[in-house]
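Here the protein sequences come in this chain order: A and B.
Going by our numbering, the first residue of the first sequence is number 1, and it counts up by one from there.
Going by our numbering, the first residue of the second sequence is number 232, and it counts up by one from there.
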Amino acid sequence: MTDVRPAGVDLPGAAVHPRPHADDPFDAALLMLEGRRNVSRREFIKGVIASGVAVSGATYFGAACTGLAPAPLGGGVERLISLNVNGQVRRVDVLPGETLAMTLRYKLGLTGTKLGCDRGECGACTVLIDDVAQYSCSTLTHRVRGQEITTVEGLETPSGELHPVQQAFIDELGPQCGFCTPGQVMSAVALLKANPDPTREEARAAMAGNLCRCGAYDHYLNGIMRAAREA
Amino acid sequence: MLKDMMPHVELFQPTDVDNALALMGRFGSDGWALAGGHDSLAWFKDRGKRPSALIDLAGISELLGIRETSDGIEIGAMTTLTEIELHPMIREKFALLADAARHVASPQIRNSGTLGGNVCQDTRCWYYRLGVGCYRAGGNTCYADTPEAMNREHCLFGADRCVAVTPSDTAPALVALDATMVIRNGQGEREVKAEDFFMRPGIDITRMTVLNPADLLTTIRIPNTWAGAHFYFEKVADRNTWDFALVSVAAAMKVSGDRIQDARIACGGVECVPKRLTGVEKLLKGALLNDETADAAGAAATRGAKPLNYNHFKIPLMENLVKRAVRSA
Ligand SMILES: Cc1cc2nc3c(=O)[nH]c(=O)nc-3n(C[C@H](O)[C@H](O)[C@H](O)COP(=O)(O)OP(=O)(O)OC[C@H]3O[C@@H](n4cnc5c(N)ncnc54)[C@H](O)[C@@H]3O)c2cc1C
Ligand code: SF4
Ligand code: FES
Ligand code: FES
Chain A
1 MTDVRPAGVD LPGAAVHPRP HADDPFDAAL LMLEGRRNVS RREFIKGVIA
51 SGVAVSGATY FGAACTGLAP APLGGGVERL ISLNVNGQVR RVDVLPGETL
101 AMTLRYKLGL TGTKLGCDRG ECGACTVLID DVAQYSCSTL THRVRGQEIT
151 TVEGLETPSG ELHPVQQAFI DELGPQCGFC TPGQVMSAVA LLKANPDPTR
201 EEARAAMAGN LCRCGAYDHY LNGIMRAARE A
Chain B
232 MLKDMMPHVE LFQPTDVDNA LALMGRFGSD GWALAGGHDS LAWFKDRGKR
282 PSALIDLAGI SELLGIRETS DGIEIGAMTT LTEIELHPMI REKFALLADA
332 ARHVASPQIR NSGTLGGNVC QDTRCWYYRL GVGCYRAGGN TCYADTPEAM
382 NREHCLFGAD RCVAVTPSDT APALVALDAT MVIRNGQGER EVKAEDFFMR
432 PGIDITRMTV LNPADLLTTI RIPNTWAGAH FYFEKVADRN TWDFALVSVA
482 AAMKVSGDRI QDARIACGGV ECVPKRLTGV EKLLKGALLN DETADAAGAA
532 ATRGAKPLNY NHFKIPLMEN LVKRAVRSA
């Protein structure tokens with residue numbers, strides 16, 4: 001399979017040409033819009049944002065960015081959105097096909113959320129969306145506008161006290177290499193929110209979507225049972 | 232494996248079915264209905280499918296929820312698998328479907344994966360998923376059906392150039408429950424029995440269901456015919472989480488005294504469509520509930536199976552699952 005990269009646009013930050021040029025996707029959008037009658041400035045800006053060719057100076061995507069192709073115009077989502085993450089509302093420029101894991105890690109700097117497989121097969125990217133555990137690698141960011149997102153960074157209290165699950169995982173020596181730990185923590189927090197007093201079997205079932213290559217499953221389960229006891 | 236981001240795609244978030252249908256009509260085969268995204272996003276990340284517009288169905292409230300009707304229940308296509316697994320009415324009347332939903336993938340996937348997406352998902356033949364140009368992808372060969380091919384996951388029945396199987400755990404349950412799929416497009420609405428919803432490769436090798444590009448599955452209806460019957464669901468996979476069924480069985484049986492009055496059984500993982508076992512059903516109707524009946528049912532289930540090089544094990548597996556289903560009654 002060939003990966004077709006759009007000509008003319010490289011990375012975020014590509015310069016906007018002073019005069020419209022039909023070969024440039026940004027300008028092609030401009031020319032198309034100018035070709036229509038009665039296009040207001042606002043519509044123009046909306047169109048450019050929706051078309052995915054507007055450039056944003058403030059992304060951390062670097063080489064990961066193959067996403068800036070000219071797109072059919074009209075009616076798609078606006079890229080500039082507000083996200084409620086860990087109790088804060090943050091404005092962020094999100095590509096239409098961007099996953100929440102990408103937004104969290106590379107635009108909001110919340111690298112506690114890990115990417116293991118990027119395919120829904122490991123659980124390292126688990127976050128809470130309205131208190132429900134979800135894979136952020138398999139969720140489009142535009143889908144969670146208006147919902148409350150909680151990542152592992154959002155668990156400790158403002159005074160720096162760890163969440164009971166985090167503390168219990170430390171006490172029970174949960175993590176080995178630690179890569180799966182943020183995801184394990186988030187699944188455990190979701191479980192205890194829905195079921196504060198789970199049996200070990202219920203906890204095992206709820207944690208089934210989090211892979212641990214170090215095989216520390218029983219330690220994590222001990223941690224959950226401890227957190228449930230101590231809460 | 233983290234490759235990079237998805238290629239650019241336009242995203243639309245309609246809030247009602249009519250607008251979604253208008254968009255699907257407008258983009259045709261360049262459009263893609265997006266439900267939970269657990270099948271879809273992997274295709275896009277791998278560049279296996281490259282739609283130009285995603286039509287996100289999540290904002291359409293008409294597609295959500297579970298309702299009781301005069302003769303059964305109806306489930307909106309965007310209802311999550313977790314909701315189905317936990318819903319009191321489904322557990323009470325159609326526990327078979329709740330059980331099947333509970334066996335899908337992992338908790339996080341069930342939290343956003345939908346019933347509609349689960350029955351519409353594409354096959355998991357791993358050659359096809361690698362992006363090779365096989366028959367199903369419009370080419371002229373099947374990579375899974377050669378002497379050296381790794382085909383332990385592939386089919387026992389109904390091969391026609393393609394030997395892939397249905398990956399869905401809920402599909403056999405819906406066939407056993409005699410569900411009806413409600414489909415809408417710009418022209419109107421039609422209903423198709425679950426049994427006829429899935430596409431055989433001999434008819435159209437590039438599709439898994441009867442849905443055309445502009446069609447939306449809106450609702451799944453389950454009649455009261457099998458409400459409260461005896462149900463049995465079992466799935467065998469390499470791991471209990473994430474892995475797709477090697478073979479699964481979904482059975483609905485009506486039992487009175489020591490006899491089986493009626494039965495409807497379907498298996499997953501053995502054909503490109505959920506395989507309804509009509510021969511077994513006939514044999515069970517009115518039969519005594521004992522080990523002989525169970526053995527006969529198991530033997531009848533696999534009659535006509537044509538294994539590939541590496542999937543002979545599916546024959547005794549399927550036989551035993553059907554036996555167990557009957558014994559459980
Ligand atoms: C790691 C992993 C493991 C999995 N294991 C299992 C398993 O064991 N058993 C199992 O059954 N499934 C399994 N799945 C599949 C997963 O459950 C399904 O992919 C998921 O249920 C598909 O539903 P979705 O809502 O995510 O749909 P999407 O991925 O959004 O959609 C799937 C397909 O259906 C189409 N579609 C969706 N809804 C509609 C609609 N209403 N009308 C028309 N077309 C529609 C989409 O266009 C797309 O082609 C697994 C998936 C992953 C990633
Ligand atoms: S089994 Fe079907 S999907 Fe798999 S390689 Fe053969 S034709 Fe393609
Ligand atoms: S990174 Fe999301 S499940 Fe593996
Ligand atoms: S602690 Fe290493 S992967 Fe879980």
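Beta carbons: idealized from backbone N, C-alpha and C, even for Gly.
On a predicted model such as this, the values are computed, not experimentally measured, just so you know.
- With hydrogens ignored, establish whether the beta-carbon of residue 395(B) is closer than 8 Å to any heavy atom of ligand 2. yes
- Query: Alpha carbon to alpha carbon, what distance is there between residue 264(B) and residue 493(B)?
  - Reply: 38 Å
- Query: So residue 503(B) packs on residue 555(B), CB below 8 Å; how close in whole Å?
  - Reply: About 24 Å separates the two Cβ atoms, so there is no contact after all.
- Item | Cross-chain neighbours of residue 138(A) in chain B, by beta carbon under 7 Å | 268, 269 and 272
- Message: Does chain B have any CB closer than 9 Å to the CB of residue 185(A)?
- Response: No - not a single Cβ of chain B is within 9 Å of the one on residue 185(A).
- Message: Run through chain B and tell me which residues come within less than 7 Å of residue 126(A), C-beta to C-beta.
- Response: 339
- Task: Starting from residue 123(A), find everything on chain D with Cβ-Cβ shorter than 8 Å and list it in chain order.
- Result: Note that chain D does not occur in the displayed structure, where the protein chains are A and B.
- Item | Runs of alpha helix (DSSP H) wholly within the stretch 471 to 533 of chain B (minimum 4 residues, chain order) | List check, alpha helix (DSSP H) in window: 509 to 515 and 522 to 532.
- Query: Under a three-way DSSP split, which group does residue 209(B) fall into?
  - Reply: Residue 209(B) falls outside the range modelled here, since chain B spans only 232 to 560, and no answer is possible.
- Query: Residues of chain A with a CB under 7 Å from the CB of residue 473(B): which are they?
  - Reply: Going along chain A in sequence order, the residues near residue 473(B) (Cβ under 7 Å) are 121.
- Closest Cα partner of residue 257(B) within the set 243(B), 270(B), 268(B) and 269(B): 243(B)
- Query: Would you report the Cα separation of residue 340(B) and residue 379(B), rounded to the nearest angstrom?
  - Reply: 33 Å
- Item | Local Cβ density within 10 Å of residue 118(A), reported as buried at 16 or more and exposed below that | buried
- Message: Going by beta-carbon coordinates alone, are residue 425(B) and residue 335(B) separated by less than 9 Å?
- Response: no
- Message: According to DSSP, is residue 423(B) part of a helix, a strand, or is it coil?
- Response: strand
- Establish whether the CB of residue 289(B) and some CB of chain A are separated by less than 9 Å. Interface with chain A (9 Å Cβ-Cβ cutoff): residue 289(B) is included.
- Task: Measure the CB-CB distance between residue 93(A) and residue 105(A) and report whether it falls below 9 Å.
- Result: no
- Task: Just the C-alpha distance for residue 363(B) and residue 269(B), rounded to the nearest angstrom, thanks.
- Result: If I take the Cα positions, the gap works out to 21 Å.
- Task: Ignore the nearest five residues each way along the sequence and tell me which others in residue 171(A)'s own chain have a CB closer than 8 Å to its CB.
- Result: 223 and 226
- Query: So which residues on chain B does residue 102(A) lean against when the C-beta distance must stay under 7 Å?
  - Reply: Within chain B, the residues near residue 102(A) are 236.
- Task: Could you tell me which residues DSSP pairs with residue 90(A) in its beta bridges?
- Result: Under DSSP, residue 90(A) shares a beta bridge with 83(A).
- Query: Any beta-carbon of chain B closer than 9 Å to the one on residue 197(A)?
  - Reply: no
- Is there at least one non-hydrogen atom of ligand 4 closer than 8 Å to the beta-carbon of residue 213(A)? yes
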